[in-house]
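Note that the numbering used here gives residue 194 to position 196 of the sequence shown, counting from 1, and the numbers run on in steps of one.
All residues carry an ideal CB built from backbone N, CA and C; glycine is no exception.
Being a predicted model, the structure only gives us computed values, none of them experimental.
This report refers to the structure that appears directly beneath it.
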Amino acid sequence: MTPSILLQYVLPHRFLSRVVHWATRRTWRPWKNWLIRRITKGYHVDLDEAAEPDSDAYEHFNAFFTRALKAGARPQDADPASLLCPADGRISQAGPIRAGRVFQAKGQDYSAAELLGDDASAAPYADGAFVTVYLSPRDYHRVHMPLAGRLVSTLHVPGRLFSVAPFAVAGIPRLFARNERLVCHFEGEHGPFVLVLVGALLVSSVSTVWNGLEIPPYASRPVARDWRSRDLHLGRGDEMGRFNMGSTVILLLPPGGPHLDALTPEQSVRVGQRIGHA
């Protein structure tokens, strides 16, 4: 085990993430402007596409990190049958789910049941397909719907907060099934699908458009919510949530659902581009 991987096991994940959550919401201008400028310069963030291009205008660092984009900055694929990418970032992995197992990295996989926190919920995806998108600090951090769908339920699964950077994904077994995450189940025209918003070290805060801030608080046990009585429908391409700081989104599709295009690890992707076809 390398020193960088060993460190992931011994760090106080939740304490450090709480500190970052607090620090990124401070409104003291010298502090928040310094943070924003450091990230903008260090990660070559393109503020020209932001709805507010003035970095000093943001209330705090998190407002900058979850910034909205100008209208038209992420056009949807014109084919209404296209499966849309839910987030900006890079493809971590994508492909078939084989006998209920999801590929993480060379020599690493995990079960869909572990990821979703429930055997019954995972059954429809046993021989389906998945896409894992990694968001870096430079990316747009709002998550959008790959397909139109009705929200069925959510499950907040407690867990660790390992880094989701490529070195950790390659070195920590079952990482995505061990980290704190929000599992969002939808029913669409072509059957069910799931979006899993995975928390990570320092960047573990998740919000949704239907319930606001979901994580933190961190969970000590799974927290399930049934949303069917709300009859909440989201259109293809609509915003469904955001990372208050970035992480990873995993999309699961059932067999017989949309077919994935050829996607390769480290491929750059953007919200709204085609990644498959119904």
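Non-local C-beta neighbours of glutamate 47 in its own chain, meaning closer than 7 Å and more than five positions away in sequence, comprise Leu67, Lys68, Ala71, ordered along the chain.
The Cβ-Cβ distance between phenylalanine 174 and valine 150 does not fall below 9 Å. By a beta-carbon distance limit of 8 Å, glycine 255 contacts phenylalanine 191. Their separation comes to about 7 Å. In the structure shown, arginine 96 falls within a strand segment according to DSSP collapsed to helix, strand and coil. Here DSSP, grouped into helix, strand and coil, assigns glutamine 106 to strand. Nearest to glutamate 57 by alpha-carbon distance, out of Arg24, Asp86, Tyr41, is Arg24. Scanning Arg172, Asn177, Glu187, Gly126 for the CA closest to the CA of histidine 231 turns up Glu187. Under the three-state reduction of DSSP, phenylalanine 165 is assigned to helix.
Between proline 1 and tryptophan 26, the alpha-carbon positions lie close to 36 Å from each other. CA-CA distance, alanine 111 to threonine 152, rounds to 15 Å. Under the three-pair Cβ rule at 8 Å, the stretch 92 to 112 does not count as touching the stretch 36 to 56. As a beta-bridge residue in DSSP terms, alanine 127 pairs with Pro94, Leu251.
Judged by their CB atoms, valine 207 and glutamate 237 are nearer to each other than the 9 Å cut-off. Across the structure, leucine 199 and histidine 275 are spaced so that their CA atoms are roughly 34 Å apart.
As computed with DSSP, alanine 48 is found in a beta bridge with Leu67. Taking all protein chains in view, the Cβ of arginine 240 is crowded by 16 or more other Cβ atoms within 10 Å, so the residue is classified as buried. As for any beta strand (DSSP E) of minimum length 3 sitting wholly inside the stretch 146 to 219, the runs are 147 to 155, 179 to 186, 189 to 196, 203 to 206, 210 to 213, ordered along the chain. Separation of the CB atoms of valine 196 and asparagine 177 is rounded to 5 Å, and the pair is thereby assigned contact status at 8 Å. Closest in alpha carbon position to histidine 257, among Asp224, Arg65, Ala127, Leu113, is Ala127. Counting the other Cβ atoms within 10 Å of the Cβ of alanine 118 gives fewer than 16, which makes it exposed.
Leaving aside the five residues that flank methionine -1 on each side, none in its chain has a CB nearer than 7 Å to its CB. Pairing proline 10 with leucine 249 gives a Cβ-Cβ distance that is not under 9 Å.
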